[in-house]
Amino acid sequence: MTPFRTHNGTVAPLDRANVDTDQIIPKQFLKRIERTGFGEFLFYDWRFLPSGELDSTFVLNEPRYRAASILVAGKNFGCGSSREHAPWALVDYGFRAVIAPSFADIFANNCMKNGLLPVTLGEEEVAAIIENARTIDNYGLTVDLERRTVTDGRGFSASFAIDDFQRHCLMEGLDDIGLTLLYEADIAAYERKRSAIG
Amino acid sequence: MPRTLFEKIWDAHVVREPEDQPTLLYIDLHLVHEVTSPQAFAGLRVASRRVRRPDLTVATVDHNVPTTDRSLPIADPIGAKQINTLRRNCHDFGIQLFDIDSAEQGIVHVIGPELGLTQPGMTVVCGDSHTSTHGAFGTLAFGIGTSEVEHVLATQCLPQNKPRSMLIDVRGALPEGVSAKDLALGMIGGIGTDGATGHVIEYAGDAVRELSMEGRMTLCNMSIEAGARAGMIAPDETTFAYLQGRRFAPRGTAWTEAQDYWKTLRSDNDARFDRKVELDASALEPHVTWGTSPGMVVPVTGCVPDPAAAKSEADRRASERALEYMALTPRTRIQDIQVDRVFIGSCTNARIEDLRAAARIVKGYQTNRSVNAMVVPGSQAVKRAAESEGLDRIFRDSGFEWREAGCSMCLGMNPDILQPGERCASTSNRNFEGRQGRGGRTHLVSPMMAAAAAITGHFTDVREWKFK
């Protein structure tokens, strides 16, 4: 996993609540057996018209947001299906962080496993970022995981909470399966105890 | 110290509580399907890891499979490749697979309980958000992503932070014509699609105790639509009666011992929940969703809401957007909304009791000539049971298509999809934009409500149905 420590990037505003994983990556693209190559299908039904042409009215298709690497959106982002293809698509497209007032549990977990940082901020802070991203050209943010802050260098500053262990894994790019396997003796002992009862 | 049902199961599965790290939780049953597993097995191969407990891992194919003639090859080459990949992975890693030609094939959340694999007190995971279904048996069951699938394959454990607990106490009795699906939709409408985020819900109360196992599965299934990590119901005589004699259920003295343990799986009287919600079942009506999120729901006697009356600016914009997508006008009576398609199926509502309820409505009637209706049983076993009761005849005679088992039009990964602009009464769980096909418009309802809409061509209050 790519470590995440601090990231500077342009912000794209997706001012919608309850963005579900079916929107992030529609089902017809879930048949690939690799983890890569999902970026071109990100938000497919919103980015592309039924004819297959780009929908120029969709926010990510606006030239000023083409290079964005931070997505800011409404509450309950990533609700619905557990498909990890959603964070794979966001990462493959070029996003490193998503900022929202709340995230669905499974989606947030899946992000952490893929070096994509879900940043939970207050509704008003999110609204301010969305407004700035709309009105200021190339509006950028610095997301600092070590200090747990989001700043824009223009006076906006917000801090966010994140589980210490998940933060540690993200910062170090750790393989958590490897960590669990360190507890092999505990797992084996648990299994022995269980089979003795059962 | 008094404990909740959730805490009892959690405590019984703690392998280790490392300092400054999440708890390492043991997983009793890992269900696997073709869509969310290929990358997990690929990860194992890259790291030269084995599957720790193939004996606790069970696979089937459900998301991708066609529901038409199974003797034909799968037309979609990419879908076929995904299914073949699961076959190879199960073969190479020694995992039992209920394949497309198996008599036990079906939706993973239908066959787990049906085979008696899902048992009270277990921890159950699957790379699928509707794993919450299994909580109906008093299990801690939750959906995971593909990285976590790989984690469980390799270690049979998951590092987990303990979720918060929520009690949903459903008082009173569900009126005739009002089902577990309506209870689920009413609950989500009440607490919101993120109302239970970070929580494990325990459903309790008279109305829940009265539900059959099928009804309990429907209710727990949709916990995820309220944002919950899991939903669960304490096991009781209904649970035991359902399980006894099933293929993987304990037998003989093991059955007696298991039952003794299962009877301890209930929240202690003064156990503390982080949140409590009360619902009155007797006041519930059949529900119909009008928008593009399961929380956008009203009783069948209601109208499409006016966004102008929304509680917040964000809600108003979400409602406007949903109405535009759904091509609905504010204040339209729900019963004036006409449908083009009817889908009876999915891990929410494709069990035998669901099909019986729908068939009771349909019997003696013809589907409306402008409606294309289909029934997709949840499993081959459900299909056989329905056929032995003659339900397939009732459906076919009235104009329904009768299909093979799978996820089908719930998410449209196989050829069963809505065409742009088509409006569907669906017994599935998600009415998201494009979920059943790009441009398709989904209204979530109970099996009875879907069946009635197929006959009349519009949403109809099943409490007033004239049964034939």
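Chains E and R, in that order, give the protein sequences. For the first sequence, counting from 1, position 170 maps to 170 in this note's numbering; every step adds exactly one. Just add 1000 to wherever you are in the second sequence, counting from 1, and you've got this note's numbering. Positions of the beta carbon are idealized from the N, C-alpha and C atoms, including for glycine. Note that the structure is predicted; figures quoted are calculated from it, not measured.
The segment 1303-1384 of chain R contains, as complete alpha helix (DSSP H) runs of 4+ residues, the segments 1313-1326 and 1352-1362 (chain order).
The segment 1051-1064 of chain R makes contact with the segment 1406-1423 of chain R; the number of CB pairs closer than 8 Å reaches 3 or more. Apart from the 5 residues on each side of it in sequence, E:E84 sits with its Cβ closer than 6 Å to the Cβ of N110 in its chain, given in chain order. As the crow flies, the alpha-carbon of R:D1092 is around 10 Å from that of R:F1041.
Annotation for R:M1217: T1133 and A1136 place their beta carbon closer than 6 Å to its own, counting only its chain and skipping 5 residues before and after. Counting only the Cα atoms, R:I1337 lies some 10 Å from R:A1327. Between R:V1300 and R:Q1335, the C-beta spacing is below 8 Å.
Burial of R:T1131 is indicated by the presence of at least 16 other C-beta atoms within 10 angstroms of its C-beta.
Residue range C1157 to Q1160 is occupied by the beta strand (DSSP E) that includes R:C1157, with no alpha helix (DSSP H) assigned at that position. Rounded to the nearest whole angstrom, the C-alpha separation of R:P1002 and E:H7 is 46 Å. Listed along chain R are V1015, R1016, P1018, L1024, T1155 and C1157, each with a C-beta nearer than 9 Å to that of E:Y183. Of the other Cβ atoms in all chains shown, 16 or more fall within 10 Å of the Cβ of E:K31; this residue is therefore buried. Excluding sequence positions up to five before and after E:T149, its CB lies within less than 6 Å of the CB of S159, all in the same chain and listed in chain order. For R:A1258, the closest of R:A1180, R:D1236, R:A1451 and R:A1184 by C-alpha to C-alpha distance is R:D1236.
In the DSSP assignment, R:H1109 falls within the unbroken alpha helix (DSSP H) covering V1108 to E1114. Here DSSP, grouped into helix, strand and coil, assigns R:Q1244 to coil. Annotation for R:F1041: the continuous alpha helix (DSSP H) segment containing it runs P1038 to V1046. Straight-line spacing of the CA atoms in R:Q1244 and R:L1005 works out to 22 Å. Cβ-Cβ separation between E:T151 and E:T142: approximately 5 Å, consistent with a contact (criterion under 8 Å). The Cβ atoms of E:V19 and E:F95 lie no closer than 8 Å to each other. Out of R:P1120, R:H1030 and R:V1445, the CA that lies nearest to the CA of R:L1097 is found in R:H1030. As the crow flies, the alpha-carbon of R:S1071 is around 10 Å from that of R:I1100. Between the segment 1202-1211 of chain R and the segment 1221-1238 of chain R there are three or more C-beta pairs closer than 8 Å, enough to call the two in contact. E:E34 belongs to the set of residues whose beta carbon lies under 8 Å from a beta carbon in chain R. As the crow flies, the alpha-carbon of E:I129 is around 21 Å from that of E:V91. Residue environment for E:T57: exposed (fewer than 16 other C-beta atoms within 10 angstroms of its C-beta). In terms of Cβ geometry, R:G1440 and R:E1422 form a close pair [threshold 8 Å]. If you compare the alpha carbons of R:H1013, R:V1032 and R:E1034 with that of R:L1025, the shortest gap goes to R:H1013. In the three-state reduction of the DSSP assignment, R:C1407 falls in the coil class. Nearest Cα to E:T120 within the set E:L170, E:P101, E:I106 and E:L49: E:P101. Contact note: R:H1151 reaches chain E through D176, I177 and T180, using a C-beta cutoff of 8 Å and chain order. For E:N110, the nearest CB of chain R lies under 8 Å from its own CB, placing it at the interface with that chain. Between R:G1121 and R:L1265, the C-beta gap is smaller than 8 Å, which places the two residues in contact.
Runs of the alpha helix (DSSP H) lying entirely within the segment 134-186 of chain E and spanning at least 4 residues, in chain order: 164-172 and 176-181.
When R:L1183, R:I1074, R:P1307 and R:R1049 are compared, the shortest CA-CA separation from R:P1330 is found for R:P1307. For R:F1093, the uninterrupted alpha helix (DSSP H) segment begins and ends at P1077 to F1093.
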